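Undergrad:
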Amino acid sequence: MATDAAQPTTTPGSPGSPGSPGTPGSTDPGATTEAEGAVRAAAPVGSRDEPALQPGSGDGPRVDVAEVTRVLDGRHAEVRDLVRRNLAAHAGVLEEAETLSHADYRERVKDLVVELASTGQTGFGFPEQYGGGGDVGASVAAFETLAFGDLSVLVKVGVQFGLFGGALLQLGTERHHDAHLRDVVEGRLLGCFAMTETGHGSNVQALETVATYDAETQEFTITTPHEGARKDYIGNAALHAEMAVVFAQLDVGGERRGVHAFLVPIRRDGEVLPGVEVEDDGLKMGLNGVDNGRLAFHGVRVPREALLNQFADVSPEGVYTSAIENPNRRFFTMLGTLVQGRVSVGGAGINAAKVALTIATRYSVRRRQFEATGDDQEDLLLDYGLHQRRLFPLIARTYALHFAQDVLREQLHEIAHGGAEGPDGDVAKRDLESRAAGTKALGTWHATHTIQQCRELCGGAGYLAVNRFAALKADTDVFTTFEGDNHVLLQLVAKGLLTDYSSEFSDMDQFDMVRFVAGLAVETVIERTAVHTLLERVRDLLPGGEQWDQEAGLLDTEYQLAMLRFREEHMLSGVARRLKRGIDNGMEPGAVFSRVQDHVIAMARAHVERLVLEAFTDAVAALPDGDTKVALGLLCDLHALTTIEADRGWFLEHGRLSAQRSKAISREISDLCRRLRPIAVDLVDAFAVPEEVLRAPDLVGPVGTGAAAPSPAPVS
């Protein structure tokens, strides 16, 4: 990563020097000295006051943990600190999750959500006139930070204030806001978001619950026609929700008008109302503090005003009106207003990964194993090259995704506060939806992978429930599914790229979309991606000509970005050509799209990975010269090169890497890991996960005691 500040020089033990970490005779300067170990042992485990480990040669950056935290927290530092204080105050819920009965744990989580509402941290995104903070960006930042703690609390907050409250705010109008919003914000009216059905999850347009308008009584009748149309996996539904936002097919005068949202009371004073059927989903893999349930409606009647009428309305006489004439555009516009949930879940996944990384990194400077260097005592885990290679790229990717999430959050905030009007605003909204889908997919997959790797890096102790990983793994697993299945989300990203965010995108149903992507859009994409020959495009992407990247420094930011841009453009053109070939051969559009789905997913992932790297490089470039810029520059280089290395087969196949350069990248990654070794703990401490919620006594020591954890016996 090229920065204005001087880069740390290559240290002894880098490629070409005798010895390597984890092998007898290693002279790696990243290895911890006896004095260094004594400093660590004397300081309270995980204390923010512990001295920073510095390279013995003095040539590396000195990390000011508080300064890096300020960079990460950004303009929402006060909001994040409020959430951290609340997490610390209520950290006991992490232990209660394992000691309370299932029923009592659910009640504890509900009570805690209501208590958090009283602090204001759950209401930042609502208008001030209804008791909120009027700041959507702050709302997302608060939710992300809440992911450091008990994730049942996080998800129940998301259901209550993000899904239920968010739908009421975005899809309703003043009559709904005045009647209910303050009670929602202050936790007096608990609700749920009833969209998913047993038979339909991702395909929302095909939902089968029906809302039929009766002009004589001026009411809607909500009906579940069969078991497959039950609302399923609905958070808050089993026990606590008094009201539901129900998504149903609107039937007016015998004509179906598509999916609309309705406010439907389901309980009064805790008792289920007539016509409403509730079934408890019971125990789940995780998140058992959330009362998920199934809902069915048997002729439940609600007044005409129950229709959330931001985008469409029905008059007392039964006349349907909407300012958006095209039903598909209306549908996608409605769903687009709910994008905040997707943005929030992605950020929460990234922060859950920070918890795992903090635990695993701290453990690795406590735990010793084998006498690799021939000294009298065994070596610290973090001094082994393989341990660094497994751990540090995950830290780097977490930083990268954090900065990508920053970009996304600010984009959402700007649009939510009126920064996207007119045709350009429509494009900005579609770009937001695409970026939210892609960042959520990569962020939650990263969380799943990182938590698993960190558990393994902590050995047998990591498997004990007392050390947090069991809950982290179980509770985050569903993040890859809710708020959109990740593979479906990447197809949404791909369709946006193929249609160039055309305004026609919003007019299409599922089959029209396939036909458009596989037909008309292909010509546009091929024209756009084949303006020059492939070699000419390479020269455009790689300043200096086609062979430029063979000589460019691996730590050159332009080289790193050019590699990812080339991959993205090449994949986009390739998908378009495959689609066109299928159409030209007479295949049905749906079959064509299905046949190339693996290429579609790879293309979308390449696009999002490019956006993530751009966000990281931009964030580093914006920093003032100094050690923080150098340290984050090292992380950025590590992230860029490991991203290229992970797909080296593709780059080799397409002539962008030689075998020699591929090997050089791997050597550079190992060298970057050695250079990051002395500041690794500081980099995870900068995440500022409250000590009280780390809750891994065998791995980082009991909170506040400063006692060293005993070394666990090897796992046979």
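Residue numbers (the UniProt record's numbering): 1 to 716.
Glycine included, each C-beta is placed from N, C-alpha and C at the ideal position.
Since the model is a prediction, treat every value here as computed from it, not as a measurement.
1) Any chance you could list the beta strand (DSSP E) runs of at least 3 consecutive residues sitting entirely within the segment 214-246, in chain order?
2) CB-CB under 8 Å to residue 729, same chain, minus the five flanking residues each way: which ones, in chain order?
3) Check Pro712 in the structure and name its three-state DSSP category.
4) Apart from the five residues just before and just after Phe143, which ones in its own chain have a Cβ nearer than 8 Å to its Cβ?
5) Pick from Arg695, Arg674, Arg75: whose alpha carbon is nearest that of Asp383?
6) Does the segment 133-140 come within contact of the segment 402-417, defined as at least 3 CB pairs closer than 8 Å?
7) With distances taken Cα to Cα, identify the nearest neighbour of Gln340 among Gln388, Ala356, Ile359, Lys429.
8) Just grab the DSSP bridge partners of Pro624 for me.
9) Considering only DSSP beta bridges, list what Arg294 is partnered with.
10) Quick one: residues in its chain with C-beta nearer than 7 Å to the C-beta of His76, no 5 flanking neighbours on either side, listed in chain order?
11) Is it buried or exposed for His226, if we count other Cβ within 10 angstroms and need 16 for buried?
12) Is it true that the CB of Gly149 sits closer than 9 Å to the CB of Ala91?
13) With C-beta atoms as the reference, is Glu67 less than 9 Å away from Thr628?
14) Spell out a yes or no on whether the segment 236-248 and the segment 182-201 are touching, meaning 3 or more CB-CB pairs, one atom from each, closer than 8 Å.
15) Let me check understanding here. Comparing Cα to Cα, which of Gly286, Arg695, Gly582 lies closest to Leu464?
16) Measure how close the beta-carbons of His607 and Glu568 come, nearest whole angstrom, since I'm counting them as under 8 Å.
17) Is it right to say Asp698 is buried, meaning 16 or more other beta carbons lie within 10 angstroms of its own, or is it exposed?
18) Could you check what DSSP says for Pro697 in three-state terms: helix, strand or coil?
19) Please name the residue in Gly131, Gln121, Phe126 whose C-alpha comes closest to that of Leu146.
20) Our contact map puts His277 next to Ala248 with C-beta atoms below 8 Å; I'd like the distance itself, whole angstroms only.
21) Counting Cβ pairs closer than 8 Å, one from the segment 624-638 and one from the segment 393-407, do we hit at least three?
22) Please state whether DSSP places Gln121 in a helix, a strand or coil.
23) Use the C-beta contact count for Met571: other C-beta atoms within 10 angstroms, 16 or more gives buried, fewer gives exposed.
24) Helix, strand or coil: which one does DSSP assign to Leu250?
25) For the candidate residues Ala404, Met243, Tyr213, Arg294, whose alpha-carbon lies nearest to that of Asp313?
26) Val184 lies in the alpha helix (DSSP H); which residues open and close that run?
27) What's the C-alpha gap between Asn328 and Val113?
28) Got a sec, what are the start and stop residues for the beta strand (DSSP E) Phe262 sits in?
29) Do Gln411 and Gln442 have their beta-carbon atoms positioned less than 9 Å apart in this structure?
TA: Concretely, from the data shown:
1) 219-223, 231-234
2) Here the chain comprises residues numbered 1 to 716, so residue 729 is not present and cannot be evaluated.
3) Residue mapping note: residue 712 aligns to position 712 of the sequence shown, counting from 1. The predicted position of Pro712 is uncertain, since its pLDDT is 33 and thus under 50; no value can be drawn from it.
4) As a working note, residue 143 is residue 143 in the sequence shown. So the qualifying residues of the chain are Leu154, Val157, Gly158, Gly162, Ser344, Gly347, Ala348.
5) Within the sequence shown, numbered from 1, the residue matching residue 383 stands at position 383. Looking at the Cα atoms, Arg674 is the closest of the given residues.
6) yes
7) Counting from 1 along the sequence shown, the entry for residue 340 is found at position 340. Here the closest residue by C-alpha is Lys429.
8) Position 624 of the sequence shown, counted from the start, is the residue given in the question as residue 624. Bridge pairing for Pro624: absent [DSSP].
9) Numbered from its first residue, the sequence shown carries residue 294 at position 294. DSSP lists Glu279 as partners of Arg294.
10) Here residue 76 refers to the residue found at position 76 when the sequence shown is read from its first residue. So the qualifying residues of the chain are Gly137, Ala138, Ala141.
11) Walking along the sequence shown from the start, residue 226 turns up at place 226. Exposed, by the Cβ-count rule.
12) On the sequence shown, position 91 is the one that residue 91 refers to. On the sequence shown, position 149 is the one that residue 149 refers to. A contact, by the Cβ cut-off of 9 Å.
13) Taking the sequence shown and counting its residues from 1, one reaches residue 67 at position 67. Taking the sequence shown and counting its residues from 1, one reaches residue 628 at position 628. It is a contact, given that the beta carbons lie within the stated cut-off.
14) yes
15) Stepping through the sequence shown from its first residue, residue 464 is reached at position 464. With distances taken between Cα atoms, Leu464 lies closest to Arg695.
16) The count along the sequence shown starts at 1 and reaches residue 607 at position 607. The count along the sequence shown starts at 1 and reaches residue 568 at position 568. Right, the Cβ-Cβ distance comes to about 5 Å (below 8 Å), so this counts as a contact.
17) The count along the sequence shown starts at 1 and reaches residue 698 at position 698. Counting Cβ neighbours within 10 Å, Asp698 comes out buried, since at least 16 surround it.
18) Looking up residue 697 in the sequence shown gives position 697. Here Pro697 sits in helix by DSSP.
19) Here residue 146 refers to the residue found at position 146 when the sequence shown is read from its first residue. Each of Gly131, Gln121, Phe126 was checked against the Cα of Leu146, and the nearest Cα belongs to Gln121.
20) What you label residue 277 is simply residue 277 of the sequence shown in a count that begins at 1. What you label residue 248 is simply residue 248 of the sequence shown in a count that begins at 1. Note on identity: in this sequence residue 277 is Glu, with His being the wrong assignment. With 8 Å as the limit, Glu277 and Ala248 do not qualify as a contact, their Cβ atoms being about 15 Å apart.
21) As far as the Cβ criterion goes, the segment 624-638 touches the segment 393-407, which means the pair count is three or higher.
22) The residue given as residue 121 occupies position 121 in the sequence shown. Looking at Gln121 - three-state DSSP - the assignment turns out to be coil, as it is neither helix nor strand.
23) Within the sequence shown, residue 571 is the residue found at index 571, counting from 1. Buried, since its Cβ has 16 or more Cβ neighbours within 10 Å.
24) Counted from its first residue, the sequence shown places residue 250 at position 250. Note: Leu250 maps to strand in three-state DSSP.
25) Taking the first residue of the sequence shown as 1, we reach residue 313 at position 313. When only C-alpha atoms are compared, the closest one is Tyr213.
26) One-based indexing of the sequence shown puts residue 184 at position 184. Its alpha helix (DSSP H) spans residues 182-185.
27) Here the question's residue 328 lines up with position 328 in the sequence shown. Here the question's residue 113 lines up with position 113 in the sequence shown. The alpha-carbon atoms of Asn328 and Val113 are separated by roughly 36 Å.
28) Numbered from its first residue, the sequence shown carries residue 262 at position 262. Unbroken beta strand (DSSP E) run through Phe262: 255-265.
29) Working through the sequence shown from its first residue, we reach residue 442 at position 442. Working through the sequence shown from its first residue, we reach residue 411 at position 411. According to the sequence as given, residue 442 is Leu; it is not Gln. Not closer than 9 Å, so no.
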